[in-house]
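Each remark here refers to the structure printed beneath this line.
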Amino acid sequence: KDSSNCAEDRKEQHQWLQAELASSAAEGARFVVVFSHIMPFVDSPEEPDGYFNIPRAERLPLLELCSAHGVRAWFCGHYHRNAGGVYAPEGGAAVEVIVTTAIG
Numbered sequence: 004k005d006s007s008n009c010a011e012d013r014k015e016q017h018q019w020l021q022a023e024l025a026s027s028a029a030e031g032a033r034f035v036v037v038f039s040h041i042m043p044f045v046d047s048p049e050e051p052d053g054y055f056n057i058p059r060a061e062r063l064p065l066l067e068l069c070s071a072h073g074v075r076a077w078f079c080g081h082y083h084r085n086a087g088g089v090y091a092p093e094g095g096a097a098v099e100v101i102v103t104t105a106i107g
């Protein structure tokens with residue numbers, strides 16, 4: 004979660020995600036979903052920073068990017084419990100965050 008030692012990698016990943024989401028929109032994808040290990044939030048987009056979530060300074064811009072590109076769901080783990088919620092900006096598309104437990 005701490006990208007201070009790999010800022011260039013973080014920048015490249017963000018550019019890659021922007022390009023992938025733009026490509027999906029340009030190609031007319033019917034459904035766009037995101038998968039990650041670390042969740043943007045446990046229960047609420049506005050919750051404070053913690054061990055399990057992406058820090059707010061990065062979380063909200065990522066959720067805005069996903070909403071702007073029509074991402075319907077963001078699947079993640081890391082929490083080892085079921086959780087999640089919805090990011091629904093005013094005038095934007097809702098992004099459901101689905102946190103799942105380990106399987107096995």
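Here the sequence shown stands for residues 4 to 107, numbered as in our numbering.
We put the beta carbon where it would ideally sit given N, CA and C, even for glycine.
Please classify residue i: is it buried, with 16 or more other beta-carbons within 10 angstroms of its beta-carbon, or exposed?
i   : result
Y54 : exposed
R62 : buried
P48 : buried
C69 : buried
C79 : buried
Spatial neighbours of residue i within its chain, please: CB distance less than 6 Å, with the 5 preceding and 5 following residues excluded, ordered by chain position.
i   : result
E99 : A76 and V89
L24 : H72
May I ask you to report which of helix, strand or coil DSSP gives residue i?
i   : result
S39 : strand
Thinking C-beta only, is residue j closer than 8 Å to residue i?
i   : j   : result
P43 : N56 : yes
H72 : S27 : yes
D46 : A97 : no
D35 : V74 : According to the sequence as given, residue 35 is Val; it is not Asp. It is a contact, given that the beta carbons lie within the stated cut-off.
H81 : I41 : yes
| request: Please specify which runs of the beta strand (DSSP E), each continuous and at least 3 residues long, are wholly inside the segment 56-100, giving them in chain order. | output: 76-79 and 86-90
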